[in-house]
Each structure stands twice: as C-alpha cells, then as structure tokens.
Amino acid sequence: TWFDFNQLLLELVEDLQRTTERHQIIPELQPIGSVYADKDRIGQVLTNLVTNAIKYSPDADKIIVKAKVVDGEVSVCVEDFGIGISHDKKDKVFEQFYRVSGDKQHTFPGLGLGLYISSEIVKREGGRIWVNSVPGQGSTFCFALPIKQM
Ligand code: ATP
Ligand code: MG
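For the sequence shown, UniProt numbering assigns the number 867 to the last residue and increments by one with no breaks.
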C-alpha cells in the first residue's frame, strides 16, 4: 500500500525511543513523501536495525536515523557508535543464525535472525541492505528500496 514514509519512520523512532534511556535516537529525514511498499515489513526492518543499534552500543548516547531519496531509491541508514563489526564479518551478519561472539565485557542476547529476516524483506521489496563499520567506533546499517513515488 501507499504510506507516508517520513511519518512511519518518525512513529517508529518515537516508539523505539521509549525502549532506551541511555540513547537519544535522532531522526535526520529528508522529505520523502508517499511510498508504495509493505509498510509493516519495512517497519520491521527499521525496528530490527534500531534495536541492534541500541543493543550493540551499550556505552554510546546517540543513534542517528537518516533517510533520503537518491536516484529513484529511498535509502534509510541507522548509525550507531558502538562495538562495530570487523571487516571479515560484515557480510556474514546477514546470514541466518550468525552472531559475532561477544568479548569479555559484554554478552549480548539474541538469536542471529534479525538481520537475516531484514535482508529477506528488503530483497523481496527489490532493494538491498548493507553495513559499513569500524570496530570499536560504530556501525551504519543501510537499506535502499527502488520505490515508486507519488
Ligand atoms: P536477534 O535475532 O534477536 O536479532 P541478533 O541481534 O544477535 O539476534 P542479528 O540482528 O541478525 O541477530 O545480528 C547478527 C549479529 O550481527 C549480531 O549477533 C551481532 O554480532 C552483529 N550486529 C548486528 N547489528 C550490529 C550493530 N549495530 N553493531 C555491532 N554488531 C552488530
Ligand atoms: Mg538483532
């Protein structure tokens, strides 16, 4: 269905903000307008990415959610300032049940399914998902959707 993309992102940011006291979740959204896609599924992807950003940045205080339109694609990025992901694991994190093992200071609960499910959803919508990261500094997870705009 058609839905207001900015409105969905802002609603979810508001909901997710209530789940964390440490982090400020900051939306930096270009006006995107109405988009045709599976609203609930796209919401699930954003929720998975922000939930991860919260979980894997226990010592950070902000998370940035960006959205923009480039070349007929809508792209959304979730940036955190947490533990990061080493280069050799950046593709593996999208595999089913894959988890990077924790260090001595932190153990993070989870099944290793959130990113796999997110990548399946994004692919089904004709888009792609990727991550840039610097270990010890943070991660930026992005997805892009080739969406018809009204
Ligand atoms: P769940 O199924 O509850 O989502 P999970 O968070 O472990 O469990 P994924 O969301 O699929 O599973 O993430 C897979 C792995 O990728 C995580 O276990 C973690 O090691 C790594 N990861 C995901 N997001 C981040 C992030 N923002 N920063 C650092 N590592 C991350
Ligand atoms: Mg997860």
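Where a beta carbon is used, it is the ideal one built from N, C-alpha and C, also for glycine.
Point to revise | Separation of aspartate 755 from aspartate 732, as counted between CA atoms | key: If I take the Cα positions, the gap works out to 19 angstroms.
Review point. Tell me which same chain residues have a C-beta within less than 8 angstroms of the C-beta of glycine 843, skipping the five on either side of it?
Key: Leu862 and Pro863
Exercise for review: Would you list the one or two residues that DSSP bridges to valine 782?
Suggested key: Answer is Pro744 and Val795.
Check your understanding: Counting along the chain, where does the alpha helix (DSSP H) carrying aspartate 757 start and finish?
Key -> 756-772
Review point. Are the Cβ atoms of lysine 783 and glutamate 745 separated by less than 7 angstroms?
Key: If you check the CB distance, lysine 783 and glutamate 745 come in under 7 angstroms.
Point to revise | Entirely enclosed beta strand (DSSP E) segments - the stretch 813-860, minimum 3 residues | key: 845-851
Check your understanding: From glycine 789 to tryptophan 847, what does the alpha carbon distance come to, in whole angstroms?
Key -> 18 angstroms
Review point. Between the Cα of glutamine 854 and the Cα atoms of Tyr833, Asp808, Val793 and Gly799, which residue gives the shortest distance?
Key: Looking at Tyr833, Asp808, Val793 and Gly799, the one whose alpha-carbon comes closest to that of glutamine 854 is Gly799.
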